[in-house]
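Enquirer: One structure is given below, represented as structure tokens, and several questions about it will come after.
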Amino acid sequence: MNMCIELARKGEGKTSPNPMVGCVVLNDKGEIISTGYHSKAGENHAERDALLKINPEDAKNGTLVVNLEPCSHYGKTPPCTDLIIEYGIKNVVIGMKDPNPEVDGITKLKQAGINVITGVLEKECEELNEVFIVNQTEKRTFVALKTAATLDGKIATSNGSSKWITSEDARAEGKNIRAKYDAILTSSKTVKADNPQMFHGKKIILDRTLSLSPDFEIFKQGECFVYHDERLRSPQNSNINYIKTPVKSGKLDIKFILGDLYEKGIMSVFVEAGGILNGSFLPYCDKIYNFVAPRILADDSAKNSFLGLTATCIDDAYQFRFVDVKRFESDVLCILKKI
Ligand SMILES: NC(=O)c1ccc[n+]([C@@H]2O[C@H](COP(=O)([O-])OP(=O)(O)OC[C@H]3O[C@@H](n4cnc5c(N)ncnc54)[C@H](OP(=O)(O)O)[C@@H]3O)[C@@H](O)[C@H]2O)c1
């Protein structure tokens with residue numbers, strides 16, 4: 008199953024809206040005879056990828072291991088369960104059940120007389136497909152947020168100086184993580200402060216007052232979506248998609264934006280902004296990547312990682328749990344998930 012997870016990760020960033028899946032096939036002697044993975048949405052599922060590389064006779068009475076329950080319905084490709092049955096596989100080992108209610112591969116395999124074992128490395132398999140699980144069970148876009156801060160939680164000095172808080176290694180890792188998500192999201196304020204390129208296929212910019220000119224670096228690459236106050240007229244620009252957005256208490260309505268992203272097929276978003284927008288996204292945040300640099304600004308007027316909320320009691324705090332901590336050259340990356 009560990010091998011399946013590793014194979015599945017080869018498709019990371021390319022399978023959305025589908026899950027990441029890897030598959031290993033063993034013959035009746037327990038020898039590995041084929042592996043496969045889902046490389047991209049629209050391409051073969053992992054089981055099909057692995058099975059089509061071998062002759063059915065070689066797999067007869069063998070075992071198929073896969074991190075997600077095989078599909079039993081017609082999507083872009085025919086059901087994997089049919090191919091598994093056709094190949095005469097005797098045992099199927101599954102990491103986790105498919106959260107898509109349309110899928111009932113386990114029943115179909117059992118009905119065909121196949122021995123099915125489920126829940127192997129289930130927690131690891133669920134972690135691998137955390138985005139897919141949220142998409143399927145809650146019908147919404149998964150929200151991840153990245154921040155790079157000093158030890159005292161500051162992301163810039165009071166005059167906006169922030170280059171660079173963290174080391175080159177940590178920043179490179181930030182870019183790797185960004186590529187895992189369907190889109191990045193930032194604010195007009197951060198665009199104006201840093202004029203970042205933020206290389207990505209899809210970019211979401213929150214610009215309530217339409218204050219950004221298309222000359223900013225961010226607009227020079229990728230598909231850009233600008234969310235702005237619905238009372239303003241959307242500019243005509245063939246390279247930028249403008250979306251009229253309701254405003255609540257003077258702020259763009261994040262719930263509306265997330266709903267619209269889901270409708271557009273953007274299944275995960277990576278927020279990279281300053282403390283004001285980060286604070287607004289906290290209630291919707293599934294995962295946080297918090298880079299911490301060994302510096303202390305100790306300046307009350309420096310900008311915070313998260314802002315805008317009022318708490319009178321420690322229990323008012325948003326609660327997360329640490330899922331991982333990684334070391335870089337000089338920095339630390341804390342990965343947290345919503346409780
Ligand atoms: N170290 C890091 O990880 C990192 C990452 C990014 C940026 N930065 C730094 O952060 C600084 C900017 O941070 P900041 O806190 O001042 O600004 P910010 O959080 O980037 O942006 C805040 C602005 O976003 C707009 N916005 C749109 N919808 C919103 C909503 N629903 N809720 C809240 N705001 C919304 C608002 O502008 P409107 O009123 O116009 O709508 C608001 O003023 C820059 O200096 C940049 O260098 C650091």
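Reading the sequence shown from the start, the letters are residues 8 to 346 in the numbering used here.
We put the CB at the ideal spot given by N, CA and C, even for glycine.
Could you check if arginine 215 belongs to the surroundings of ligand 1, using beta carbon to heavy atom distance under 7 angstroms?
Expert: Arginine 215 Cβ: within cutoff of ligand 1.
Enquirer: Do you know whose CA, among Lys187, Pro242 and Asn202, lies nearest leucine 135's CA?
Expert: If we check each option's Cα against that of leucine 135, Lys187 comes out closest.
Enquirer: In the DSSP assignment, what residue or residues form a beta bridge with tyrosine 44?
Expert: Answer by DSSP bridge pairing, in chain order: Gly29.
Enquirer: Determine the extent of the beta strand (DSSP E) in which asparagine 248 is found, giving its start and end residues.
Expert: 247 to 252 is the extent of the beta strand (DSSP E) around asparagine 248.
Enquirer: Does the Cβ of lysine 333 have 16 or more other Cβ atoms within 10 Å, making it buried, or fewer, making it exposed?
Expert: Per the 10 Å Cβ criterion, exposed.
Enquirer: Given aspartate 111, which residues of its chain have a CB within under 7 angstroms of its CB, disregarding the five upstream and five downstream residues?
Expert: So the qualifying residues of the chain are Ser79.
Enquirer: What residues are listed by DSSP as bridge partners for threonine 157?
Expert: Paired residues: Ala300.
Enquirer: Less than 8 angstroms between the C-beta atoms of methionine 274 and asparagine 142, yes or no?
Expert: Taking 8 angstroms as the Cβ cut-off, methionine 274 and asparagine 142 qualify as a contacting pair.
Enquirer: In angstroms, rounded to a whole number, what distance separates the CA positions of lysine 97 and alanine 15?
Expert: If you take the alpha carbons of lysine 97 and alanine 15, they lie about 23 angstroms apart.
Enquirer: What would DSSP say about asparagine 2, mapped onto helix, strand or coil?
Expert: No statement about residue 2 is possible, as the shown extent of the chain runs from 8 to 346 and does not include it.
Enquirer: Mapping the DSSP letters down to three states, classify lysine 117 as helix, strand or coil.
Expert: If DSSP states are grouped into helix, strand and coil, lysine 117 belongs with the helices.
Enquirer: Let me know the secondary structure DSSP gives lysine 67 once reduced to three states.
Expert: Of the three classes helix, strand and coil, the one that applies to lysine 67 here is coil, per DSSP.
Enquirer: If we count the other Cβ atoms within 10 Å of its Cβ and call it buried at 16 or more, is glycine 69 buried or exposed?
Expert: So glycine 69 counts as buried.
Enquirer: Could you tell me if the beta carbon of isoleucine 191 falls within a distance shorter than 7 angstroms of some heavy atom in ligand 1?
Expert: No, ligand 1 has no heavy atom inside 7 angstroms of this Cβ.
Enquirer: Would the C-beta of glycine 95 count as close to ligand 1, meaning under 7 angstroms from any of its heavy atoms?
Expert: It does not: the Cβ of glycine 95 is nowhere closer than 7 angstroms to a heavy atom of ligand 1.
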